Every structure is written in structure tokens, then in C-alpha cells.
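Using this note's numbering, the first residue of the sequence shown is number 171, and each one after it goes up by one. Ideal placement from N, C-alpha and C gives every residue a C-beta, glycine not left out. Predicted model, so just to flag it, every value in this text is computed and none were measured.
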Amino acid sequence: MRVGTLRPECRGLARAAVRLDAPEVARILREVVDALGVIDAWTEVMMPALRAAGRKWAADGEQYVEVEHLLSWHVSSALRGVAVGGSTARQARPVLLAATPLELHTLPIEATAAALTERGVPFRMLGAAVPPRALLDAVHRIGPAAVMIWSQDQHTADRELVRRVGDSMWGPRGSRSGALMVAAGPGWARNKPPAYAARPRTLADAVDLLEQAVTA
171 MRVGTLRPEC
181 RGLARAAVRL
191 DAPEVARILR
201 EVVDALGVID
211 AWTEVMMPAL
221 RAAGRKWAAD
231 GEQYVEVEHL
241 LSWHVSSALR
251 GVAVGGSTAR
261 QARPVLLAAT
271 PLELHTLPIE
281 ATAAALTERG
291 VPFRMLGAAV
301 PPRALLDAVH
311 RIGPAAVMIW
321 SQDQHTADRE
331 LVRRVGDSMW
341 GPRGSRSGAL
351 MVAAGPGWAR
361 NKPPAYAARP
371 RTLADAVDLL
381 EQAVTA
């Protein structure tokens, strides 16, 4: 798989994935997360390797689907290992992370959760394909500082859902509050969310926004 002029760790990860060398894939991922931190590991190693695997699969039909699946599973494992085993989060209203009702891709929000953990920012992860009612119920029960809704593809973007969550308020009368809305992912490029929803372009931008919402 061609990964271009990127970090040697990315090329090594791609080669190990093609060989289906799971122990080597896991080792490389552990080392890059430890050395670079989640944001740089995702941006400079994980995401380019995943994109290369996806392009190869698209070009060659089903030939390399096993490579993409193995790599995706190990990337998810590495990210979740950080997210669930990290340092104690600060005492504050958490961030709520969810994918749109038709969205099954969750690696980017798993990367967000891991990066938030590194910064001690509390979060709640709902994962893929969250029904609108379930997301709204979670918003009212948790009272989050921010809600990030992920859409990978324009067909999964749900502008009305962003509006409904953005309009949600909670708390006693006279001191009601809402959450910062963050619409993340390439799916929002055409089906644009309401203007008040932040649209970060990178993982680093998203994590900065969410941390600011929690600490404000």
C-alpha cells in the first residue's frame, strides 16, 4: 500500500497490516501512541495507513478488505486502551460523543475520546448509529458541556438532529443551560449543520474546542 512520504512508522504499520502481522501492528501502534500522543499518532500514522488500506480495497475489490479490517480493529483497540485506561478526568460537565443515526464509522470519535483522556477531559461515548431519541435522552440526563456528532459521509449527516440537540436545554427554571454543538466529519460538507454548530477540520481542533467548553 502506498502511503507517500510519511513517517517511517506509518510505512511500517502499512507493511505489517498487509502481512496480517497482528503482533507487529499492535506493537507499532502502542509505540507511536506512547511517543507521539494520540493526536499526532492519529494524524501522522493511523489515519494515513487506514486511508491507504481503504484506497487499496476500493481499487482491488475485496482483495484487501482483510487488511483494512485487521488494521481498523487494532487501531480501535489502541485508542480504546488509552480512553478507558487513562488518568483521572477533572471534575466538570462531560463531553458527549456520538455518531449520527446512520453512521457506522467510529474510529474518529474513538480518537477524540482517547485524546480527551490524555488531557483529563471527561466524556461519555455513545458510539455508532445513535438513534435521535437516545441521543436527546442522554443529553438531558447528562447535561454535557459539549456534544460532538460525527458524520463520515454526506448520506449520514443529519442536520435536523444537530438542530434538535442544539435547542435542548436543561436545569431548573432561571438557570437553564445548553451545550456547545460540534458537527465533526466530512459528512457535513454538503448537508451543513446550523450556523451555531462548530465544525472543526482536524482532530486537534475538535479536542481544543471540547476542552475549552469543559473548562469555560
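With distances taken between CA atoms, P271 lies nearest to D323 out of E179, R189, D323. Residue pairing by DSSP places W358 opposite no residue, since no beta bridge is assigned to it. Excluding residues up to 5 positions away in sequence, R289, V291 lie with their Cβ nearer than 6 Å to the Cβ of E381 in the same chain.
Around the C-beta of W243, fewer than 16 other C-beta atoms lie within 10 Å, and the residue is accordingly described as exposed. Nearest Cα to T213 within the set D375, G297, L379: D375. If the five residues before and after T326 are omitted, its C-beta is found closer than 7 Å to the C-beta atoms of T270, L272, E273, G357, all from its own chain and listed in chain order. S347 sits in a strand when the DSSP states are folded into three classes. Between the alpha carbons of W320 and D191 lies a gap of roughly 31 Å. Positions of the beta strand (DSSP E) runs, each at least 3 residues long and wholly inside the stretch 245-274, are given as 265-269 in order along the chain. Here E280 really is in contact with L249; their C-beta atoms are around 4 Å apart, less than 8 Å.
Check the Cα spacing between R263 and each of H310, A304, I198, R221: the tightest is with H310. Across the structure, V215 and L183 are spaced so that their CA atoms are roughly 8 Å apart. Per DSSP, reduced to three states, the secondary structure at L190 is coil, with no helix or strand assignment.
Under the three-state reduction of DSSP, L277 is assigned to helix. Taking the C-beta atoms as reference points, L373 is found no nearer than 9 Å to A259. When T282, V208, R189 are compared, the shortest CA-CA separation from M318 is found for T282. In the DSSP assignment, V352 is bridged to M318, A368. Under the DSSP definition of a beta bridge, R294 partners with L266. The C-beta of D328 has 16 or more other C-beta atoms within 10 Å across all chains shown, which makes the residue buried.
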